[in-house]
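A.B. asks: Quick note: to get our numbering, add 9 to the position in the sequence shown (first position is 1). No residue lacks a Cβ here, since even glycine has one placed at the ideal position from N, Cα and C.
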Amino acid sequence: MSMTVLQAEGLYANDAVEREVLGPDVRILQADTANLAELPDELCAEVEGLFIFRHWLRAADIARFPKLRCVVRMGVGYDRLDRTTLGGRGVAVCNLPDYGTTEVADHAIALALALRRGLLLHHEAQRADPPAPWTPIDSPLIQRPSTRCFGVLGLGRIGTAVALRAKAFGWRVLFHDPYLPNGVELSLGIHRARRIEELFEQADTLSIHTPLTRTTLNLVDNRLLRLMPSGAVVVNTARGPVLDIDALEACLRDGTIAGAGLDVLPEEPPQEPVPSLLRAYRERAPWLAGRLIVTPHSAYHSPEALEDIRRKSAETMRDVLLQGLGTNVIPADHE
């Protein structure tokens with residue numbers, strides 16, 4: 010029996026990958042919309058499988074898909090989906106837990122190293138008019154990894170990959186993740202912080218890798234940031250709202266935090282009025298020079314990753330919608 014799936018974000022020029030995976034009996038529809046509300050009702054009425062990349066899928070959107078049986082979030086995080094409404098409808102909700110792991114881990118380490126080696130600091134100074142003297146700049150940003158602690162908040166697949174990379178650079182690696190069983194640290198040769206406060210008290214460089222849930226919203230707040238050692242660096246490649254950006258700005262301004270690398274922001278893309286930290290960054294405020302790196306939620310990106318996301322999404326949709334398997338289905342009680 011033929012089934013219909015939809016990708017509504019104009020992500021690719023053809024459906025060759027999806028056709029190869031899903032087979033000739035699946036009808037593959039594509040659209041290019043700014044949001045799901047732009048889709049015509051008659052199209053929504055036919056869709057049984059829906060691919061979601063950047064769109065939000067809210068209750069009002071879900072109501073327009075009467076035949077919907079499976080949603081595949083084309084990425085790791087699934088905070089864009091109204092899972093309560095989908096669960097009430099009996100719709101299977103899936104993500105891609107093994108997507109973009111290496112790219113995001115590399116990006117997190119790149120941000121940390123760029124700050125810790127003073128790359129941005131010296132880059133900005135040397136392109137000033139007039140350029141700075143031809144000499145290193147003394148800064149609390151610059152540290153030797155083998156004498157310091159690298160903290161990982163959330164030791165999932167990406168967090169683990171980051172921990173191993175940081176370990177290879179010589180950092181002492183400490184993580185906090187209350188959902189992991191005892192002994193994980195022994196298998197990886199790293200250390201565990203039982204309390205989140207312990208992580209922040211010891212981590213000179215912190216990399217955030219938690220999903221966005223009710224319990225992690227603004228988790229990294231003023232209280233925790235001010236527990237960090239002098240000259241700390243914070244990197245976030247997870248979800249913007251996990252980190253209180255106003256608290257981060259206050260800690261950067263008073264020197265509690267020496268630098269930060271942000272691939273994610275509380276609102277993406279930023280809308281006016283943008284957070285004052287981002288405004289200072291865009292205006293090249295002198296107090297922030299060389300201390301903040303912002304990338305546009307691009308940590309996942311590479312040509313290979315884009316191929317992965319298409320193939321893995323199609324494979325997940327095939328397994329769940331066509332074969333009745335539980336591949337990558339998120340449990341209803343999973344935050």
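(1) Determine the DSSP secondary structure at V283, reduced to helix, strand or coil.
(2) Please confirm whether A17 and A40 have their CB atoms less than 7 Å apart.
(3) Where does A69 fall in DSSP's three states?
(4) My output table needs one value for R28: the three-state DSSP class, helix, strand or coil.
(5) Which ranges would you report for the alpha helix (DSSP H) in the region 282–323 if only whole runs of at least 4 residues count?
(6) Quick check on G192: does DSSP put it in helix, strand or coil?
(7) Count Cβ pairs between the region 72–91 and the region 213–227 that sit closer than 8 Å; are there 3 or more?
(8) Quick one: grab the DSSP three-state call for G165.
(9) If you follow the alpha helix (DSSP H) that I37 is part of, which residue opens it and which one closes it?
(10) Given E316, which residues of its chain have a CB within under 8 Å of its CB, disregarding the five upstream and five downstream residues?
(11) With DSSP collapsed to three states, give me the class of M326.
(12) Within 8 Å, do at least three Cβ pairs link the region 118–131 to the region 97–104?
(13) Pick helix, strand or coil for I266, following the three-state DSSP scheme.
(14) Should V81 and T325 be called a contact, given that it needs their Cβ atoms to be closer than 7 Å?
(15) Taking its Cβ as the centre, do 16 or more other Cβ atoms sit within 10 Å of T169, making it buried, or is it exposed?
(16) Helix, strand or coil, according to DSSP, for Q332 in the structure here?
(17) Is L173 close to chain B? Criterion is C-beta to C-beta, closer than 7 Å.
(18) Nearest CA to the CA of R67: which residue from V171, F184, A46, R28?
(19) For L52 and L77, what's the separation of their Cα atoms in angstroms?
(20) Quick one, which of I151, P75, W180, V35 has its alpha-carbon nearest R160's?
(21) Run through DSSP, which three-state label would I374 get?
(22) Could you name the residues of the same chain whose beta carbon sits closer than 6 Å to that of W65, not counting the 5 residues immediately before and after it, in chain order?
(23) So, helix, strand or coil for T111, using DSSP?
(24) Applying the 10 Å Cβ sphere with the 16-neighbour rule, what's the burial state of H132?
(25) Can you say whether D70 is buried or exposed, counting buried as having 16 or more other CB atoms within 10 angstroms of its CB?
(26) Among residues of its own chain, excluding the 5 on either side of A202, which ones have a beta-carbon nearer than 8 Å to its beta-carbon?
(27) S155: buried (16+ other C-beta within 10 angstroms of its C-beta) or exposed?
(28) Tell me which same chain residues have a C-beta within less than 8 Å of the C-beta of I266, skipping the five on either side of it?
(29) Whole angstroms is fine: what's the gap from T111's alpha carbon to D272's?
(30) In this structure, how does DSSP classify V14 when only helix, strand and coil are distinguished?
(31) To the nearest angstrom, report how far apart F62 and P145 are at their CA atoms.
C.D. replies: In terms of the structure at hand:
(1) Correct three-state label for V283: coil.
(2) yes
(3) helix
(4) helix
(5) 285–291
(6) coil
(7) yes
(8) coil
(9) From DSSP, I37 is part of no alpha helix (DSSP H) but of the beta strand (DSSP E) over 35–39.
(10) V26
(11) helix
(12) no
(13) strand
(14) Here V81 is near T325, since their CB atoms are less than 7 Å apart.
(15) buried
(16) DSSP, read as helix, strand or coil, puts Q332 in coil.
(17) Chain labels in this structure do not include chain B; a single protein chain is all it has.
(18) A46
(19) Spanning the alpha carbons of L52 and L77 requires a straight line of approximately 12 Å.
(20) As written in the sequence, residue 160 is Gly, which differs from the Arg given in the question. Of the candidates I151, P75, W180, V35, the one whose C-alpha sits nearest the C-alpha of G160 is W180.
(21) With the chain covering 10 to 344 only, the question about residue 374 has no answer from this structure.
(22) R89
(23) helix
(24) Burial call: exposed.
(25) Burial check for D70: the Cβ neighbour count within 10 Å reaches 16 or more, so the residue is buried.
(26) G160, L183, F184, H185, L208, Q211, listed in sequence order.
(27) By the 16-neighbour rule on beta-carbons within 10 angstroms, S155 is exposed.
(28) L234, M237, A241, V242, V243, L257, C260
(29) Rounded to the nearest angstrom, the two C-alpha atoms are 15 Å apart.
(30) strand
(31) 43 Å
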